[in-house]
Structures are given as C-alpha cells and as structure tokens.
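Residue numbers (UniProt numbering): 1 to 288. Below is one structure; the comments refer to it alone.
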C-alpha cells in the first residue's frame, strides 16, 4: 500500500446533457452511477499512475455498500481498513451537468460524518506509525479535521488536503497552518479560507501563504493555476485548452496527479504542468 485516502467513498449519480441548462431546464441526456467521492476519485487516479491506495472511509452494510466495496477491490484498492456500518446507509452524490458546466449538486455524506473518528481506528492498530502520504477529504466533520490537525497520528505524514466543496471549505481552517500539509483549492475556496477576495489564483495563493499555509495549489477553471510554497513564492501555469464534457472529479484528479509527480521527483513547474494535463484529460473525457 502506497498511500492512504481518507474521506468519502460513495455512489456518484451524474446527469449530463450536451445542452446548456438553466433553472427549470428539462433536456435529454445521460444518467450514470459510478463509484465516486473525493477520496475515491483521488484513489482512482492514483491507480492509473500505478500506486496502490488504501481507503479509510465509512460504507454501509447494505446492498449498495456491498457493491461499492466490491468495485473498490476490483479497481485494485486496499479495502481491509474500511469501516462498515450496520446502521448507516451508503452515501451518495447527485449532480447535473450541462454544456455550461455544473448546474447543481447535492452531496449526501451524512454516514461518513456520523461515523466520525471510527474510520481512523486502523491508524492506532494495523496502520500504526504510518508515515507515508495521506490524501484527506474535507467531507469529514470540522471537529474531526481539527483533531487531525493536532494529532500525532498525522504528524509524520505527507498530508494532502482537499475541500469537498466551497460550502465545506471553512472546515479546513485548522489544517491551514500545518507544516506538513499541502492544500488544494479552487479560487472560490481559497478566498473563503484566506478571507481575501482575490481575482486570480496567484493572488489567492499569496493570501493563503500569508495566512500561514506551507504549500498551496489554487485552480481557476480554464484560467491560470498557481502553486505556492512558504519562503519560495508562487508559480503559475495555464491549463491546456480542451472541450469540457464533464467537471465532477476534475479537482480530485488534479490533486492526485500532482501528488504522483512530486513523489516521482518532478520540479515544481513539472508537477504543476502534469496535474493540469491530467485534469484537462479528465474534463475532456479522454480518461474514462
């Protein structure tokens, strides 16, 4: 096992239409159900790069949960440490996407939140002393993320952190000052965390560094993306232009690809470019 992915593993129910949509639109399209969630999306990308991720999450002991766990195993992930709940249903995420991007989404991650620190129990048992990379998902509760920020269980890890959505971005505030944490956010989420209304990813990265972050990456759709390190400044690069066919999971793919590039010894510039290329392939539909 090369990395731990901690957070949401659920069913993504995505409706996509090639038509531009607005409030009240009723258009033809396709509806899919696939394994998803921030932790799962990251793990899927890591598998594409040849790494073996282990999952720490909560999945119900219902038929949907049995099917989801079986899919995780089929995809080559370590499922031995998943918390299976007898009384909590398997979580779900539902989104509608049109030619003009994400129209609306609802994340039902209540079971993950209710499970709380039960998903972390392997870190004091079978995985005690883990010092490898950890991908951490902002779907965890604010209280649990605050505990993780000061927990000795995470002090020696290479911690990679992503919010689940702008609505949950503030949950990451306790982790902002962790010296071993890399924070991945989009421009909206960066502004929520920094309390500064920046217009560009570069300015937002500077604001987060000023708030005490050690390492940040800020994306902004098709506009320039920024990577910043405390004491080393901010660099930028622009995503390659592609036809956008989907948006769900793009940020998770970006994070996973950047982590892999850094693990392989890439420079800051090379790692940022590799992450942007992977995210572009994802949104264009070049990656299934």
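By construction, the Cβ of each residue, glycine as well, lies at the ideal position given by its N, Cα and C atoms.
State the Cα-Cα distance for the pair residue i and residue j, rounded to the nearest angstrom.
i	j	result
residue 151	residue 117	12 Å
residue 266	residue 277	14 Å
residue 148	residue 96	33 Å
residue 131	residue 119	18 Å
residue 140	residue 109	9 Å
residue 17	residue 283	14 Å
residue 85	residue 263	34 Å
residue 234	residue 122	37 Å
residue 77	residue 137	17 Å
residue 230	residue 210	9 Å
residue 200	residue 4	32 Å
residue 157	residue 98	39 Å
residue 145	residue 168	12 Å
residue 126	residue 66	22 Å
residue 74	residue 50	15 Å
residue 241	residue 221	11 Å
residue 25	residue 107	21 Å
residue 166	residue 1	31 Å
residue 226	residue 275	11 Å
residue 30	residue 105	16 Å
residue 197	residue 63	45 Å
Can you check which of these residues, the options, is closest to residue i by C-alpha distance?
i	options	result
residue 281	246, 259, 181	246
residue 208	38, 222, 186, 223	186
residue 153	170, 250, 180	180
residue 27	19, 177, 34	19
residue 15	163, 103, 223	103
residue 215	159, 46, 239, 73	159
residue 68	36, 47, 32, 112	36
residue 174	248, 197, 161	161
residue 79	262, 40, 168	40
residue 128	155, 146, 106	155
residue 61	126, 32, 91	91
residue 13	254, 224, 113, 34	34
residue 142	126, 166, 170	170
residue 236	252, 268, 242	268
residue 252	172, 188, 44, 107	44
residue 244	225, 275, 285	285
residue 113	64, 59, 105	59
residue 202	38, 224, 188	224
For residue i, is the classification buried or exposed, using 16 other Cβ atoms within 10 angstroms of its Cβ as the cut-off for buried?
i	result
residue 232	exposed
residue 195	exposed
residue 101	exposed
residue 239	buried
residue 133	buried
residue 273	buried
residue 124	exposed
residue 111	buried
residue 88	buried
residue 259	buried
residue 115	buried
residue 10	buried
residue 367	As displayed, the chain neither begins before 1 nor continues past 288, which places residue 367 out of reach and without an answer.
residue 32	exposed
residue 42	buried
residue 291	The chain is shown only over 1 to 288; residue 291 falls outside these bounds and no answer can be derived.
residue 23	exposed
residue 70	exposed
So residue i and residue j are in contact, right, with Cβ under 8 Å, and what is the actual spacing, rounded?
i	j	result
residue 257	residue 218	Going by Cβ atoms, the distance from residue 257 to residue 218 rounds to 16 Å, so no, they are not a contact pair.
residue 82	residue 57	6 Å
residue 6	residue 135	7 Å
residue 250	residue 8	With 8 Å as the limit, residue 250 and residue 8 do not qualify as a contact, their Cβ atoms being about 16 Å apart.
residue 206	residue 177	Incorrect: roughly 16 Å between the Cβ atoms, too far for contact.
residue 279	residue 271	Contact doesn't hold; Cβ gap of about 13 Å is too wide.
residue 46	residue 72	So it is not a contact: roughly 13 Å between Cβ atoms.
residue 94	residue 184	Their Cβ separation, rounded to whole angstroms, is 23 Å, which puts residue 94 and residue 184 out of contact at 8 Å.
Is residue i a contact residue of the ligand PLP, with contact defined as CB to any heavy atom under 7 Å?
i	result
residue 109	Here there are no bound small molecules, and the ligand PLP is not part of this structure.
**Item:** 4 or more residues per run - each alpha helix (DSSP H) lying fully within the region 108–194
**Value:** 110–115, 142–150, 187–194
**Message:** Extract the residue ranges of the beta strand (DSSP E) inside the region 25–102, only unbroken runs of 3 or more that lie entirely within it.
**Reply:** 30–36, 53–56, 58–60, 83–85, 92–98
**Prompt:** Can you list the alpha helix (DSSP H) stretches of 4 or more residues lying completely in the region 234–268, in chain order?
**Reply:** 250–263
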